[in-house]
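The listed protein sequences derive, respectively, from chains L and B. Numbering of the first sequence is given in the working numbering, commencing with residue 214 and proceeding in unit increments. Numbering of the second sequence is given in the working numbering, commencing with residue 214 and proceeding in unit increments. In what follows, a structure is listed as structure tokens, so that the remarks can point back to it.
Number of protein chains: 2
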Amino acid sequence: MIPTVDETHDPARTCWVPGANGHSDFPIQNLPLGIFSTAGTDPHGGIAIGDHVLDLCALADAGLLNGPGLDAAKAAAAPTLNALLALGCGPRAALRTQVSALLSDAVNQPVVSPLLRRISDCTMHVPTRIGDYTDFYVGIHHATNVGKVFRPDNPLLPNYKYVPIGYHGRASSVRPSGAQVVRPAAQIKSTDMPAPVLAPTRRLDYELELGVWIGSGNTLGTPIPIDRAAEHIAGLSLLNDWSARDVQAWEYQPLGPFLAKNFLTTISPWIVTAEALAPFRTRQSSRPDGDPSPLPYLFDPADQERGALSLTLEVALASARMKADGVPPFRLSRGPASSMYWTIAQMVAHHTVGGCDLNPGDLLGTGTISAATPDGFGSLLELTRNGTLPIELPNGEQRTFLEDGDTLSLSGRLEADGFVAIGFGSCVGTVVPARAV
Amino acid sequence: MIPTVDETHDPARTCWVPGANGHSDFPIQNLPLGIFSTAGTDPHGGIAIGDHVLDLCALADAGLLNGPGLDAAKAAAAPTLNALLALGCGPRAALRTQVSALLSDAVNQPVVSPLLRRISDCTMHVPTRIGDYTDFYVGIHHATNVGKVFRPDNPLLPNYKYVPIGYHGRASSVRPSGAQVVRPAAQIKSTDMPAPVLAPTRRLDYELELGVWIGSGNTLGTPIPIDRAAEHIAGLSLLNDWSARDVQAWEYQPLGPFLAKNFLTTISPWIVTAEALAPFRTRQSSRPDGDPSPLPYLFDPADQERGALSLTLEVALASARMKADGVPPFRLSRGPASSMYWTIAQMVAHHTVGGCDLNPGDLLGTGTISAATPDGFGSLLELTRNGTLPIELPNGEQRTFLEDGDTLSLSGRLEADGFVAIGFGSCVGTVVPARAV
């Protein structure tokens with residue numbers, strides 16, 4: 214069952230941590246989970262609150278938690294959140310409830326304050342040991358836009374409205390926000406070249422996605438039915454599936470993208486939990502009347518009713534010159550995440566229907582989420598119509614694809630009437646020149 | 214550098230372990246690494262010798278090893294071989310040298326005998342925690358044969374002779390020989406159906422591949438040059454990439470196979486090390502004159518000279534009725550592994566050229582290895598010409614694709630003049646009926 218709203222979402226609940234109230238991403242209604250380290254400490258679990266991180270190891274040691282919430286905090290002593298996520302929704306929700314109480318009642322300030330670290334003193338890590346990373350393709354406008362580039366006559370393939378298309382990605386190269394984006398070199402062959410060359414990509418792009426973190430897993434051979442899928446979804450991050458379009462065009466047939474994508478995937482390092490997302494659940498509305506109904510294994514009335522998210526996504530770019538000149542980042546796109554043709558629960562049900570096992574800490578990407586209109590397209594490939602329509606930056610520079618020195622930022626904001634909005638934190642990367650080839 | 218022949222390959226070297234001399238797969242010249250458990254012990258490292266397993270934990274404790282060989286054996290105390298493989302070729306080769314000496318000189322029998330376990334008392338496990346699994350497509354006859362099925366007008370795509378085509382597979386569902394093959398259910402839609410249905414696959418197939426185990430890895434952003442690739446290759450196993458052809462046909466565009474492959478991959482659980490393979494290295498000969506030369510990052514004269522293997526692969530099938538009636542398994546195919554268009558070193562160099570990191574214990578599949586002639590085709594899709602040419606079994610049964618109760622076995626034999634042949638052990642799976650959908 215998708216988590217429901219409770220007292221932890223109460224908009225009247227405030228927090229005694231300085232600066233946490235009014236914080237756009239991490240107010241007390243969010244409480245995302247992450248793995249952090251500070252000078253002299255190994256990576257371990259924490260919860261973001263405003264501009265601070267609550268140290269879960271220290272909290273577990275302080276005797277302020279009990280029951281399943283304490284179990285969850287103890288599991289967060291590890292260098293990854295896999296053990297905590299494996300506990301499933303019960304302990305995770307109990308930890309949230311207890312931490313929310315501790316951070317809202319000022320009586321706890323004297324004992325809990327020493328357990329807070331300034332977020333600026335923390336290094337964030339990929340929150341789990343990702344066993345497998347799967348990338349889906351649920352943004353129907355993206356699929357259509359990209360299809361027009363690679364297959365002009367056949368943009369949306371016949372399987373798209375039946376199959377939540379996905380493919381396996383590379384887990385090893387997932388990195389937290391801030392990791393350098395080294396321009397990759399690989400084989401490139403444009404149609405006017407007689408043979409390919411090894412060269413740095415000339416068409417470096419980003420893809421605006423959500424990352425889905427798996428909580429409890431399933432046994433090989435035992436599918437997760439769609440009406441139980443929510444129990445296996447721990448939470449979300451932002452995800453940038455950096456893509457080398459010229460590499461992709463040459464290599465992707467017949468088995469899909471490989472080097473075009475596996476050089477780096479950046480995530481925002483905080484897991485915004487399924488519990489935190491409860492107020493922002495909304496009706497799945499991306500399937501127009503007349504489209505085929507989902508097959509029964511992909512259909513759950515509760516998921517149709519609450520499986521989508523009231524979420525606005527935004528992408529901004531700052532060139533090296535803009536940064537040097539103090540010009541603020543330029544917004545490339547802004548749009549709702551409502552064009553996901555398949556819900557996250559449908560992704561999970563489909564992934565496992567043939568028996569494939571998901572494990573705690575696994576990562577799913579949604580695929581690029583583009584809005585219906587160009588101001589909400591989620592990649593440069595789409596925004597510049599495959600590089601034919603350059604974007605003008607505020608200082609007069611033009612962009613078709615990313616250039617060395619560009620800093621690209623994803624952000625997201627969950628909003629719903631009567632609730633305090635929350636966000637994901639940073640998902641940022643700066644492009645650096647290719648290695649010599 | 215590809216390991217060279219030394220005294221451990223001496224055909225005159227015999228072993229005091231009963232039954233080890235003349236053993237077709239695991240003579241003293243092989244000494245493959247694996248992870249095993251016995252009643253009452255947790256999984257840990259061992260070396261196969263004849264019908265026994267030498268317990269590496271017990272061996273390390275016995276004070277019979279020293280230096281890097283001891284380091285390697287100590288690393289094998291873990292439930293996976295990742296730590297041992299991370300040590301790279303030096304300690305692995307030292308362990309081989311020392312174990313070969315211990316098992317060949319009968320003076321050691323009194324102290325080493327107690328460290329041997331009967332292989333029949335051992336449960337074998339996947340030898341590593343596989344961080345990522347990548348499947349390549351280097352069998353050119355297979356690529357051509359399959360291309361004819363899925364793209365009759367365009368069997369071998371223009372990139373094939375330039376790019377070692379690969380895609381990311383599912384690491385979580387890799388299992389050791391003997392794991393049940395539950396017939397997967399997923400979406401199927403033949404051309405005569407108006408819409409897909411969720412149904413058990415009707416076209417369950419196997420794929421005959423080699424699995425490549427990565428030893429030491431590389432850092433994200435630092436490619437492995439082809440002339441250093443051999444240092445990163447720990448060894449090989451057999452690999453069966455079970456495939457649901459009807460699922461594949463419906464789902465695979467545009468991003469490649471997904472549920473058609475991720476329900477199970479079976480490996481032979483012993484890693485036949487790069488050191489053991491030294492005598493069986495041979496010239497890479499699958500690239501006909503007139504084909505384009507490999508790009509420089511894929512070309513190494515030493516790899517061209519010794520990058521291929523003198524290896525014969527074989528597949529056998531026993532139906533439920535054959536097994537009940539005592540009919541021996543029927544050979545489906547037998548052929549040389551010489552049609553790999555790309556060497557393993559080329560696979561590694563290509564995988565990392567854009568900066569992607571490989572990690573110790575990662576698994577690469579070669580893709581299906583089909584010989585040039587039908588008696589050596591590596592899948593039923595090819596052997597039965599996409600199900601149109603049934604195979605007759607010795608008892609009169611027919612097969613187009615696998616049926617419930619079928620047991621499918623891969624085997625491989627490395628042979629070279631003047632050396633003792635070695636093999637991989639079992640890579641077996643029996644098909645069981647689909648779950649109710």
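Cβ atoms here follow ideal geometry from the backbone N, Cα and C, with glycine treated the same way.
Taking a contact to require three or more Cβ pairs closer than 8 Å, the stretch 366–385 of chain B and the stretch 400–418 of chain L qualify as touching. Here the alpha carbon of B:D318 sits roughly 53 Å from the alpha carbon of L:P467.
The beta carbon of L:Q461 sits closer than 7 Å to the beta carbons of P470 and A473 from its chain, once the five residues preceding and following it are set aside; these are given in chain order. If you check the CB distance, L:F239 and L:I215 do not come in under 8 Å. Residue contact with chain B for L:H338: absent (no Cβ-Cβ distance below 8 Å to any residue of chain B). Measuring C-alpha to C-alpha distances from B:D504 to each of B:Y554, B:Q322 and B:G568 identifies B:Y554 as the nearest.
Chain-order list of chain L residues neighbouring B:C569: R383, S385, S386, L472, N475 and F476, by C-beta distance under 8 Å. L:A585 sits in coil when the DSSP states are folded into three classes, being neither helix nor strand. Of all residues in the stretch 450–473 of chain L, only A457, V460, W463, E464, Y465, Q466, P467, L468, G469, P470, F471, L472 and A473 place a beta-carbon less than 9 Å from a beta-carbon of chain B. For B:C270, the enclosing alpha helix (DSSP H) covers residues L269 to D274. Close to B:D345, with beta-carbon spacing below 7 Å, are these residues of chain L in chain order: R383, A384 and S385.
L:A537 is outside the set of residues whose beta carbon lies under 8 Å from a beta carbon in chain B.
L:V425 and L:A233 have their C-alpha atoms some 25 Å from each other.
When 9 Å is used as the limit between beta carbons, B:G259 is near no residue of chain L, the shortest such separation being about 24 Å. Secondary-structure assignment with DSSP links B:D418 through a beta bridge to B:S456. When secondary structure is reduced to three states using DSSP, L:Q242 falls in the coil class, being assigned neither helix nor strand.
Taking 8 Å as the CB threshold, B:V230 stays off the interface with chain L. According to DSSP, residue pairing for L:D348 in a beta bridge involves L:Y380 and L:G578. With a cutoff of 8 Å on beta-carbon distance, L:L606 and L:M535 are scored as near each other. Comparing alpha-carbon positions, the option among L:R226, L:G253, L:M560 and L:G520 lying closest to L:N243 turns out to be L:R226. The beta carbon of B:N572 falls within 8 Å of a beta carbon belonging to chain L, placing the residue at that interface. Taking the Cα positions, L:P231 is about 30 Å away from L:T620. Interface criterion met: the Cβ of B:V395 is under 8 Å from a Cβ in chain L. In this structure, L:T486 is the residue among L:T486, L:Y380 and L:S624 with its C-alpha nearest to the C-alpha of L:L449. Of the other Cβ atoms in all chains shown, fewer than 16 fall within 10 Å of the Cβ of B:S326; this residue is therefore exposed.
With a contact defined as Cβ atoms closer than 8 Å, L:N358 and L:L623 miss out at about 18 Å.
Under the three-state reduction of DSSP output, L:T357 falls in the helix class. Taken atom to atom, the span from the alpha-carbon of L:G580 to that of B:F249 is near 39 Å. When secondary structure is reduced to three states using DSSP, B:W463 falls in the helix class. One thing to note: L:I582 has its Cβ within 8 Å of the Cβ of L:L421. Interface residue (Cβ-Cβ distance to chain B less than 8 Å): L:I446 is not classified as such. The beta carbon of L:D588 lies closer than 8 Å to those of S546, R547 and G548 in the same chain, with the five residues before and after it left out. Residue L:A273 holds the alpha-carbon nearest to the alpha-carbon of L:A289 among L:N279, L:G301, L:C302 and L:A273. When the Cα atoms are used, B:A356 and B:F637 turn out to be separated by approximately 25 Å. Partner residues in the beta bridge of B:T336, as assigned by DSSP, are B:S250.
Cβ proximity to chain L below 8 Å picks out G360, F363, R364, L370, N372, Y375, V376 and I378 from the stretch 360–378 of chain B.
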